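When you line the sequence shown up against this note's numbering, it's residues 121 to 509, in that order. Here is the structure we will look at.
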Amino acid sequence: MSFGSWVKSWNPFYKDVDGEIQTIFVSLLAKEIYKRIAVDSCINLIANALVRCEFKTIQKGKSVKADNYYLLNVAPNKNQNATEFKKKMVSNLFRKNECLIVMANDQLFIADSFKVDEYVMRDSIYSQVTVGDFQFTGSFNESDVIYLKLNDKDIMHVINSFYKDYGKILESAKGIYKRSNAKKFVLKGEFLRSQNNDTQQKINKMMTDQFKPWLEADNAGAIFQLQNGYEMDDLSGTGKNGASKQDSRDVRSLVDDVFDFVATAFHVPRGLVKGDVVDVSSQTNNFLMFCINPLVELISAEFNKKMYGKDAYLGGSYLKIDTSRIKVTDLNDMATALDKLFAIAGLSINDIIDMVGGERIDEPWADKRFVTKNYMDASQLQNVKGGDG
């Protein structure tokens, strides 16, 4: 028996529409959706931050734009741009706790699945590497791939274990909210008397045809005709004889807890995930320090190890990931600091243009460093006479 036939025979709600199996996963999705939103929000925030970073390729101490720069900042392969590539890299890292990048035909590809045989004294071997529907033949040595591992333990296992119990509490709170705000009535009348078919049909009509539209929430207004001999008491929230309604704050606070726990697991400030506008600058600094910078160091270290190697790295050729563009800074706030750095030869004119997002000046003088006469070599202070300093 095929899987589809098994579903048909087991599922009482099965419907076959145009040959497609339609099963009911509404309950499962409802239980998982809050965790999914929290996890996706954190991962997307981290991925968008990494997209803002420039992967600078340094050659013998100077920043150059060559083949590696194009691969890492524009198009790593024919079917992906750098933004899509980086987002997939972050997604794999946080969802699977690892990401494998292989090079083929001078292009970079992120593996969707692979098998690894780990060794201690020699290269680990990666085989059955697949990207989409394509599987590479043969295998890759450790020295030929970029392998990123986020944590020693998969943080998603912790989040899933937490939500397995906390999700039940959340569903229970939703049930309490629904029951508290549901319409509840007591209909009083002589229902135990003997009744003929005509009387029974009238009662059924009152209970179905009249009650249903009167209780539906979508109706802006409705009239109910209560027959003689019957009395109806409202026991629902805020009704005449009912208890007070329960608002959705209890459910919302539990949903907020899910966001808080997931954000903590990913080292993302909670306010950034929820879109709070209070103290964004400090939250962004914490985000950079505890989440983005460690991630950037992990990526750059692996690329420098595999793409450049020891000799090139020690010779001044390496990859440097610039995170300065993540935080948007007003030019007025930067002006004083830039002027000070320029005055002490900390920045050239082109350096400043790069920082503000402009186009570099293709002139030798734009790359020169300048220093004001207010600064001098400290070793020359002994030659300065009184009144000359």
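Even for Gly, the Cβ is constructed at its ideal location relative to N, Cα and C. Computed from a predicted structure; not experimentally measured.
| Check | Outcome |
| --- | --- |
| Using the DSSP secondary-structure output, state which residues sit across from residue 219 in a beta bridge. | 268 |
| Out of 256, 262 and 218, which one is the CA nearest neighbour of residue 237? | 262 |
| Measure how close the beta-carbons of residue 203 and residue 189 come, nearest whole angstrom, since I'm counting them as under 8 Å. | With 8 Å as the limit, residue 203 and residue 189 do not qualify as a contact, their Cβ atoms being about 15 Å apart. |
| With 16 as the cutoff for other CB atoms within 10 Å, does residue 430 come out buried or exposed? | exposed |
| Taking Cβ positions, are residue 217 and residue 285 nearer each other than 7 Å? | no |
| Please determine, among 439, 153 and 169, the residue with the shortest C-alpha to C-alpha distance to residue 404. | 169 |
| Per the contact definition of three or more C-beta pairs closer than 8 Å, is the stretch 390-401 in contact with the stretch 374-381? | yes |
| Starting from the Cα of residue 269, find the closest Cα among 279, 225 and 209 and give me that residue. | 209 |
| Would you mind giving the Cβ-Cβ distance between residue 166 and residue 423, rounded to the nearest angstrom? I have them listed as a contact below 8 Å. | No, residue 166 and residue 423 are not in contact; Cβ-Cβ is about 18 Å, not under 8 Å. |
| May I ask you to report which of helix, strand or coil DSSP gives residue 224? | strand |
| Excluding sequence positions up to five away, which residues of its chain have a Cβ less than 6 Å from the Cβ of residue 179? | 437 |
| What does residue 439 pair with, by DSSP beta-bridge criteria? | 177 |
| Using the C-alpha atoms, what's the distance from residue 460 back to residue 495? | 12 Å |
| When DSSP builds the beta bridges, which residues end up paired with residue 208? | BP columns for residue 208 are empty, so no partner. |
| For residue 319, which of 490, 453, 348 and 289 has the nearest alpha-carbon? | 348 |
| If you draw a straight line from the alpha carbon of residue 487 to that of residue 464, how long is it in whole angstroms? | 14 Å |
| Terminal residues of the continuous alpha helix (DSSP H) containing residue 187? | 187-193 |
| Who are the near neighbours of residue 267 in its chain, counting only those whose CB is closer than 6 Å to its CB and skipping five residues on each side? | 220 |
| Once the 5 residues before and after residue 197 are set aside, which same chain residues still bring their CB inside 8 Å of it? | 205, 227, 228 and 229 |
| What number of angstroms, rounded off, separates the C-alpha of residue 468 from the C-alpha of residue 476? | 13 Å |
| Between residue 247 and the rest of its own chain, which residues show a CB-CB distance below 6 Å, the 5 nearest in sequence each way excluded? | 235 and 259 |
| CB-CB under 8 Å to residue 454, same chain, minus the five flanking residues each way: which ones, in chain order? | 475 and 476 |
| Secondary structure at residue 494, three-state DSSP: helix, strand or coil? | coil |
| Per DSSP, what are the beta-bridge partners of residue 255 in this structure? | 250 |
| Excluding the five sequence neighbours on either side, which residues of its own chain have a C-beta within less than 8 Å of the C-beta of residue 435, listed in chain order? | 180 |
| Using beta-carbon positions only, say whether residue 272 and residue 251 come within less than 7 Å of one another. | no |
| Once DSSP output is grouped into helix, strand and coil, what is the label at residue 351? | strand |
| Here's a check: name, in chain order, each residue in its chain whose Cβ is nearer than 8 Å to the Cβ of residue 163, leaving out the five neighbours to either side. | 210, 211, 214, 215 and 386 |
| Between the beta-carbon of residue 173 and the beta-carbon of residue 449, is there less than 7 Å? | no |
| Going by DSSP, which residues form a beta bridge with residue 184? | 177 |
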